[in-house]
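Structure, as structure tokens:
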Ligand SMILES: [Fe+2]
Ligand SMILES: [Fe+2]
């Protein structure tokens, strides 16, 4: 499948393209550091989203604890600046397989899809850190932008609506990442261009997995809710934003 074929459903799903002004900002050499550090943090957050969903909605207690342990070295690195590329390379494997808390087939499906997603996101995390290390870019924590919060504040507070909304938000975040990687890649140096294009396939699947899970757990048509979050997401992308991050809006940085 070519990049164009991968991107076609994503472009149809998203209600706007990344503005050219964002690309102009993102390709400035002085913004490479914030772009990579924010990307690194986004990969951990993407993996954590999968972990939270499994622990809250699908796994038994023991499996939940095994998941937390799996994340420890990555979280220590991002939140406490402990560890190195070398120490993280030993932590790629989930120590045991995870069990669902009941025989509801949705739980097993959520576990299967999210475990694969977590493995891929943590691998991306490692790859971004490898690139940063090779370029002498030091990791320092930076505050989160408005994007994910801006969507999550619209999540309903009762179940299963809350889970449906979280899954739809997950689908939008993955789809936007995929569209942005594809649009930005040709403007970066060869290594980063190749790396960003290599991410498209998994991010495209993550978006579809989230959407399929949302449809399964809702058990009814969710197109209205998808459209609603699509509008919220597009507003965050096309409205002025004083901050520059991987998911920021239209740059208004004076
Ligand atoms: Fe990723
Ligand atoms: Fe992803």
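Numbering (our numbering), first residue to last: 170 to 423.
Using N, Cα and C, we set each Cβ at its ideal position, and we do this for glycine too.
{"Query": "How big is the Cα-Cα spacing for residue 386 and residue 180?", "Result": "25 Å"}
{"Query": "Tell me the DSSP secondary structure of residue 419 in three-state form.", "Result": "strand"}
{"Query": "Assign residue 228 to one of three DSSP states: helix, strand, or coil.", "Result": "strand"}
{"Query": "Which runs of the alpha helix (DSSP H) fall wholly inside the segment 340-390 and span at least 4 residues, in chain order?", "Result": "359-387"}
{"Query": "From which residue to which residue does the alpha helix (DSSP H) around residue 304 run?", "Result": "Here residue 304 belongs to no alpha helix (DSSP H), and DSSP marks it neither H nor E."}
{"Query": "Looking at ligand 1, does it come within less than 8 Å of residue 190, judged from the CB to the closest heavy atom?", "Result": "no"}
{"Query": "If you pair each beta-carbon of the segment 308-325 with each one of the segment 237-257, do three or more pairs fall below 8 Å?", "Result": "yes"}
{"Query": "What's the gap between the Cα of residue 416 and the Cα of residue 206?", "Result": "13 Å"}
{"Query": "Closer than 8 Å is the cut-off here; do at least three beta carbon pairs connect the segment 361-369 with the segment 260-280?", "Result": "no"}
{"Query": "So for residue 207, helix, strand or coil by DSSP?", "Result": "helix"}
{"Query": "Give a yes or no on contact between the segment 328-343 and the segment 184-203, applying the rule of three or more CB pairs nearer than 8 Å.", "Result": "no"}
{"Query": "Let me check you understand the geometry: is the CB of residue 215 closer than 8 Å to at least one non-hydrogen atom of ligand 2?", "Result": "yes"}
{"Query": "For residue 246, collect the residues of the same chain with a Cβ closer than 7 Å to its Cβ; drop the 5 residues on either side in sequence, then sort them by chain order.", "Result": "252, 257"}
{"Query": "Taking the alpha helix (DSSP H) that residue 178 belongs to, which residues open and close that run?", "Result": "172-182"}
{"Query": "Could you tell me whether the segment 389-409 touches the segment 283-299, using the rule of 3 or more Cβ pairs below 8 Å?", "Result": "no"}
{"Query": "Relative to the C-alpha of residue 312, which candidate in 358, 334, 210, 404 has its C-alpha closest?", "Result": "210"}
{"Query": "Where do the ends of the alpha helix (DSSP H) carrying residue 256 lie?", "Result": "254-257"}
{"Query": "Between the C-alpha atoms of residue 227 and residue 202, what's the straight-line distance to the nearest angstrom?", "Result": "37 Å"}
{"Query": "Taking 8 Å as the cut-off, is the CB of residue 434 close to at least one heavy atom of ligand 2?", "Result": "For residue 434 there is no data in the structure shown, the boundaries of the chain being 170 and 423."}
{"Query": "Which residue marks the beginning of the alpha helix (DSSP H) containing residue 392, and which one marks its end?", "Result": "392-407"}
{"Query": "In this structure, how does DSSP classify residue 313 when only helix, strand and coil are distinguished?", "Result": "coil"}
{"Query": "I'd like to confirm the pairing. Which residues does DSSP put opposite residue 269 in its beta bridges?", "Result": "228"}
{"Query": "Taking the C-alpha atoms as reference points, what is the distance between residue 323 and residue 303?", "Result": "40 Å"}
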